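Read in this note's numbering, the sequence shown has 192 at position 194, and its numbers run on one by one without any break. Just so it is clear, CB atoms sit at the ideal spot from N, CA and C, and this is done for glycine as well. Predicted model, so just to flag it, every value in this text is computed and none were measured.
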Amino acid sequence: MNGTKSSDILVAGAGPAGMIAALAFAGAGFSVVLAGPPAQPEDRRTTALMMPSLTFLKELGLFDALVREAAPLGAMRIVDATSRLVRSPTVTFRASEIGEEAFGYNIPNAHLLSCLEAALREHGAIEWREELVSGYRLSDAGAEAALGGETIDAKLVVAADGRASPAREAAGIRTHRHGHVQSALVLNFAHAREHGGISTEFHTETGPFTQVPLPGRRSSLVWVVRPETASRLMAMDDGPLSREIEERMQSMLGKIEVEPGRQVYPLSSAMPSRFGARRVALVGEAAHVFPPIGAQGLNLGVRDIQDLVATARASRDDPGAPAALLRYDARRRPDIMARSSAVNMLNYSLLSDFLPAQFIRSAGIGLLAGFAPLRGFFMREGLRPGAGWRHIFGGRVTEPSRASGEEVRR
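What follows is the structure, encoded as structure tokens:
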């Protein structure tokens, strides 16, 4: 080691969650070292960020730049495209039903990364070291990280280093992993008809087939299939693949033309035994991994960051103290467990031939389609945990404030 540098916060990982965490902690007045190479700009996936996440990013000065190349999501539709005995009715969730102009915006990952990187490089309180942490020395008393021949002495390590998180492993946090016999084909495509700001999720026997609007007559697609089917789709020429996608979409958007750059990702689930220990707090995919259903991923990661920053503010002198990490775990556990369980149960119900599981899924979606108050409750809960209950009880439900850690009524 050639020396030691002290910092309030070390953020490990420079993907979207890591960059947002660095900007949020710096905005809260903490000194920050961000460790990790820039994310790959050729990522052709998109991220649907819901309005609560975008409101938080607006506070960081990012909203206008982000939505410049994004498409608003005014409605989300679920279509049962299975051939099973028990099928669900089509249900459409409209943001206008709950007084919102849009649920959120669908943003190309390359644009998201570009905006975050530009904000980081302009921020004077963040030191970005474009290399990986090579080792940790962790205890309840403090955290040291080896970074490019130097030791970073930090009060708190934010593990935003992905599903295989080295920081999580160094902290001794056990993780339960589950592999899915599913892969996601990801691509963008042009179409003849306007999408009208509507995202459509087709439920199939292999998983969801989800179209999400992009600006103009373009959309992104996440198509969950068995791995061997994903390999077949990857090998297809553009013309036949375009026709197969159009057929799957029941020609809702007219003629389809896939764009270059399709990608395949294997699906898995992971849940750590706790969300913080030995000066390390987990955010993003270091804290939760599950199938791409319901636009949860980065939105859940943003809530991780909001709660972690609020906890750190309440323990400003020692944001990584054991008591602070216990509070962070308590704040995040209900939200993460509820979202993860819901996504995994819905995914299981699609894959299962078990008739009662099909009946329960069909009945649940049928209730949502036919009963507007229930639909409104789930839309509010989907955007902001607890918002559905607060709407029912007129704001008399208390929750921890993300800004101060105190209880507030909303």
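- In the structure shown, His286 adopts coil according to DSSP, grouped into three states.
- With contact defined as three or more Cβ pairs closer than 8 Å, the segment 10 to 26 and the segment 44 to 58 are in contact.
- When rounded, the separation of the alpha-carbon atoms in Arg215 and Ala188 is 6 Å.
- Under DSSP, Ser338 forms no beta bridge with any residue.
- Per DSSP, reduced to three states, the secondary structure at Ala182 is strand.
- The beta carbon of Ser132 sits closer than 6 Å to the beta carbons of Ala144 from its chain, once the five residues preceding and following it are set aside; these are given in chain order.
- Here Asp315 is exposed: its Cβ has fewer than 16 other Cβ atoms, across all protein chains shown, within 10 Å.
- With contacts defined as CB atoms closer than 8 Å, Ala117 and Leu47 fail to qualify as a contacting pair.
- Ala93 counts as buried, since no fewer than 16 other beta carbons sit within 10 angstroms of its beta carbon.
- In terms of Cβ geometry, Leu32 and Trp126 form a close pair [threshold 8 Å].
- Judged by DSSP in its simplified three-state form, Asp327 adopts helix.
- Distance from the CA atom of His193 to the CA atom of Ala322, rounded to whole angstroms, is 46 Å.
- Ala310 carries a helical assignment under DSSP once its states are collapsed to helix, strand and coil.
- Using a C-beta cut-off of 8 Å, the segment 253 to 261 makes no contact with the segment 275 to 291, since fewer than three inter-stretch Cβ pairs fall below that distance.
- Here the alpha carbons of Asp151 and Asn345 stand approximately 42 Å from one another.
- Residues of the same chain with a CB within less than 6 Å of the CB of Ala15, apart from the 5 flanking positions on each side, are Ala158, Val281, Gly282, Gly299 in chain order.
- Closest in alpha carbon position to Gly25, among Ser51, Thr45, Glu40, Gly122, is Gly122.
- Residue state for Ser94 is assigned as helix, using DSSP reduced to three classes.
- Taking a C-beta distance under 8 Å as the contact criterion, Ala228 and Val184 do not qualify as a contact pair.
- In this structure, the CA atom of Trp221 is about 32 Å from the CA atom of Ala279.
- Sequence-distant Cβ neighbours of Pro106 in its own chain, meaning closer than 6 Å and more than five residues away, are Thr44.
- Sequence-distant Cβ neighbours of Lys253 in its own chain, meaning closer than 6 Å and more than five residues away, are Ala190.
- Secondary structure at Lys253: coil, using DSSP grouped into helix, strand and coil.
- Runs of beta strand (DSSP E) with 3 or more residues, each lying fully within the segment 115 to 182, are found at 124 to 127, 133 to 137, 140 to 145, 148 to 157, listed in chain order.
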